[in-house]
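Engineer: Here it is, the structure, as structure tokens.
Numbering (the numbering used here), first residue to last: 3 to 240.
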């Protein structure tokens, strides 16, 4: 028996796509996404359900790091297919009762979307039948100031996110935009960056002869230094 006719398939947005537009009710009032966030980066992230331990640890961590993301011109937006009153009760419980890894009295000030109809979750391909038909997986969408999706990370329901990596990815993408470079594995501010490949035989020859301010391992793989303070000053506008 073919059961696919009863399933709703929604194309997952891709890197480089315009972030799907939606209006939603949240714990911080109504929002328009991504149009209401124009001019700043945004991280839209989903979690399976309120009052679950992995999600609780994540929200406490994100809330504790919110000011750090704000300084990097990035706003946080959470999503769950639970209702608004459930959200409010859960966030209140986090603040009043939960202490974890030295975090306590944590107040979540970024918006948490009510998505009972799963409209937003479906628009962003957050529903994974292999995981659950009724719970959004741990998806993370990085949306740039122009409303373009720049990175997507998916986690299964059982796996908590690495928030150091989310922050590192944000700063790396901002640095790549600002300096027209790429970043190598495990890059952090102050590390060497990758220079785009040479576009001609002449420029490739100059690279290998050391005529440019870079280190070349071969004509296609060259790095250069960008001072950490310059990176931070550019990103944080200090």
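C-beta: ideal position from N, C-alpha, C; glycine also.
Output the boundary residues of the alpha helix (DSSP H) element that contains residue 221.
Structural biologist: Premise fails: residue 221 is in no alpha helix (DSSP H) and is neither H nor E.
Engineer: With distance defined between alpha-carbon atoms, name the residue in 227, 155, 146, 151 nearest to residue 186.
Structural biologist: Ranking the options by Cα distance to residue 186, first place goes to 227.
Engineer: Can you tell me whether residue 180 is helix, strand or coil according to DSSP?
Structural biologist: Reduced to three states, the DSSP call for residue 180 is helix.
Engineer: Who pairs with residue 116 in a beta bridge, going by DSSP?
Structural biologist: Per DSSP, 82.
Engineer: Does the Cβ of residue 198 have 16 or more other Cβ atoms within 10 Å, making it buried, or fewer, making it exposed?
Structural biologist: Exposed: under 16 other Cβ atoms inside 10 Å.
Engineer: Would you list, in sequence order, the uninterrupted alpha helix (DSSP H) runs of no fewer than 4 residues that lie entirely inside the segment 21-90?
Structural biologist: Fully enclosed alpha helix (DSSP H) runs of 4 or longer: 55-73.
Engineer: For the segment 59-74 against the segment 98-115, do three or more pairs of beta-carbon atoms, one drawn from each stretch, fall closer than 8 angstroms, so that the two count as touching?
Structural biologist: Yes, they touch.
Engineer: Taking Cβ positions, are residue 89 and residue 114 nearer each other than 8 angstroms?
Structural biologist: In this structure, residue 114 lies closer than 8 angstroms to residue 89 by Cβ.
Engineer: Just to confirm the assignment, what range does the alpha helix (DSSP H) spanning residue 123 have?
Structural biologist: Per DSSP, residue 123 belongs to the alpha helix (DSSP H) from 121-125.
Engineer: Going by alpha carbons, who is nearest to residue 42 out of 216, 225, 152?
Structural biologist: Residue 42 has its Cα closest to that of 152, out of 216, 225, 152.
Engineer: By the three-class DSSP mapping on this structure, what secondary structure does residue 174 have?
Structural biologist: Residue 174 falls in the helix class under three-state DSSP.
Engineer: Measure the C-alpha to C-alpha separation of residue 92 and residue 52 and round it to an integer number of angstroms.
Structural biologist: The alpha-carbon atoms of residue 92 and residue 52 are separated by roughly 6 angstroms.
Engineer: Closest to residue 125 by CA distance: which of 231, 23, 230 is it?
Structural biologist: Checked all of 231, 23, 230; the closest Cα to residue 125 is 23.
Engineer: Give me the Cα-Cα distance between residue 17 and residue 27, rounded to the nearest whole angstrom.
Structural biologist: In a straight line, the C-alpha of residue 17 is about 26 angstroms away from that of residue 27.
Engineer: Over what stretch of residues does the beta strand (DSSP E) that includes residue 142 continue unbroken?
Structural biologist: Here the beta strand (DSSP E) through residue 142 covers 140-145.
Engineer: Which term fits residue 78, buried or exposed, when burial requires 16 or more other beta carbons within 10 angstroms of its beta carbon?
Structural biologist: The residue is buried, with at least 16 neighbouring Cβ atoms inside 10 Å.
Engineer: Could you tell me the boundaries of the alpha helix (DSSP H) in which residue 154 lies?
Structural biologist: No alpha helix (DSSP H) holds residue 154; the beta strand (DSSP E) holding it covers 151-157.
Engineer: Looking only at its own chain, which residues have a Cβ that is under 6 angstroms from the Cβ of residue 30, when we skip the five neighbours before and after it?
Structural biologist: Hits under 6 angstroms: 113.
Engineer: Would residue 83 pass as a contact of residue 21 if the rule is Cβ separation under 8 angstroms?
Structural biologist: No. Outside cutoff.
Engineer: Out of 118, 127, 111, point me to the one whose CA is closest to residue 87's CA.
Structural biologist: Ranking the options by Cα distance to residue 87, first place goes to 118.
Engineer: If you follow the alpha helix (DSSP H) that residue 233 is in, where does it begin and where does it stop?
Structural biologist: Note, residue 233: alpha helix (DSSP H), 230-238.
Engineer: For residue 45, I'd like the list of residues in its chain whose CB is within less than 8 angstroms of its CB, leaving aside the five on either flank, ordered along the chain.
Structural biologist: Closer than 8 angstroms at the Cβ level, and outside the excluded window around residue 45, lie 71, 76, 77, 78, 79, 142, 143, 144, 145, 168, 172.
Engineer: Just verifying my parser: in three-state terms, what is the DSSP assignment at residue 96?
Structural biologist: Correct three-state label for residue 96: helix.
Engineer: Out of curiosity, what's the CA-to-CA distance linking residue 57 and residue 164?
Structural biologist: Approximately 13 angstroms, taken between the alpha carbons.
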